[in-house]
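Step one of this worksheet: look at the structure below.
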Amino acid sequence: MDTNRIVKELGLKATPKRIAILEILAEAFCYLGPEEIWRKLQTRFKRIGLPTVYRNLEELSNGGVIIKIIHPNRKLYYYYCNNTSHHHHFVCIACRRVQDLEFCGEEKIIREVEDTLKGKVVSHLFQVYGLCSDCTLSHAVPT
Ligand SMILES: [Zn+2]
Ligand SMILES: [Zn+2]
Ligand SMILES: [Zn+2]
37 MDTNRIVKEL GLKATPKRIA ILEILAEAFC YLGPEEIWRK LQTRFKRIGL PTVYRNLEEL
97 SNGGVIIKII HPNRKLYYYY CNNTSHHHHF VCIACRRVQD LEFCGEEKII REVEDTLKGK
157 VVSHLFQVYG LCSDCTLSHA VPT
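First residue of the sequence shown: 37, per my numbering; consecutive thereafter.
Structure representation (structure tokens):
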């Protein structure tokens, strides 16, 4: 994976810290919290501050490659996804697996907003939380 190119395509400078954050998320295959990413970064950048991690995550997530996971526990997590087509995510709150969800109810929402509320839709946010197929089988209790 060419993380250097991905960062540049987001219109950002390919700094070592940005590339490291992207690599950590891409190799995780699950969502991670800013503090978890920060701890992993400390092996390479000893004096890196948590605000730097937050700022870089925010910049990376504006480009769409890093997805924000707004967890039901009200904490914010991040996930790497390079699927550029319009889609949403199904988030497992037990094992942290994230799966692409091709379903989008946008057309229905637009009709509802235009017909009932007489407004106009600009964008939408949609994320689904639950237990993935593996966790459903193992009867995991979400934490
Ligand atoms: Zn799961
Ligand atoms: Zn995705
Ligand atoms: Zn959608």
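C-beta atoms are modelled at their ideal positions from N, C-alpha and C, and glycine is treated no differently. Predicted model only: the values in this text are computed from it and were never measured.
Between residue i and ligand 1, is the CB less than 6 Å from at least one heavy atom?
i      : result
Ala64  : no
Ala130 : yes
Asp170 : yes
Arg83  : no
Arg110 : no
Arg54  : no
Just checking my contact of residue i with residue j at CB under 8 Å: how many whole Å lie between their CB atoms?
i      : j      : result
Gln163 : Ile105 : 7 Å
Pro70  : Val89  : 5 Å
Phe62  : Met37  : Before going further, note that residue 62 is Ala rather than Phe in the sequence given. 6 Å between Cβ atoms; contact.
May I ask which residues mark the beginning and end of the alpha helix (DSSP H) holding residue i?
i      : result
Val89  : 86-98
Val101 : Unbroken run through Val101: none, as it is neither H nor E.
Val157 : No alpha helix (DSSP H) contains Val157, which DSSP labels as neither H nor E.
Leu61  : 52-64
Lys144 : 142-151
In this structure, what does DSSP give as the bridge partners for residue i?
i      : result
Gln135 : Phe126
Leu112 : Ile106
Gly166 : Cys128
Leu68  : Tyr114
Measuring alpha carbon to alpha carbon, tell me which of the options ends up nearest residue i.
i      : options                       : result
Ser159 : Glu45, Gly166, His122         : His122
Leu96  : Leu173, Ile55, Glu150, Lys144 : Ile55
Gly166 : Ala130, Arg83, Asn92          : Ala130
For ligand 3, is there any heavy atom lying closer than 6 Å to the beta carbon of residue i?
i      : result
Cys117 : no
Glu148 : no
Val143 : Note that residue 143 is Glu in the sequence shown, not Val. Glu143 Cβ: outside cutoff for every heavy atom of ligand 3.
Please confirm if residue i has its CB atom under 7 Å from at least one CB of chain C.
i     : result
Glu94 : Protein chains in the displayed structure number just one, and chain C is not present.
Within the present structure, is the beta-carbon of residue i separated from the nearest heavy atom of ligand 2 by less than 6 Å?
i      : result
Asp151 : no
Asp38  : no
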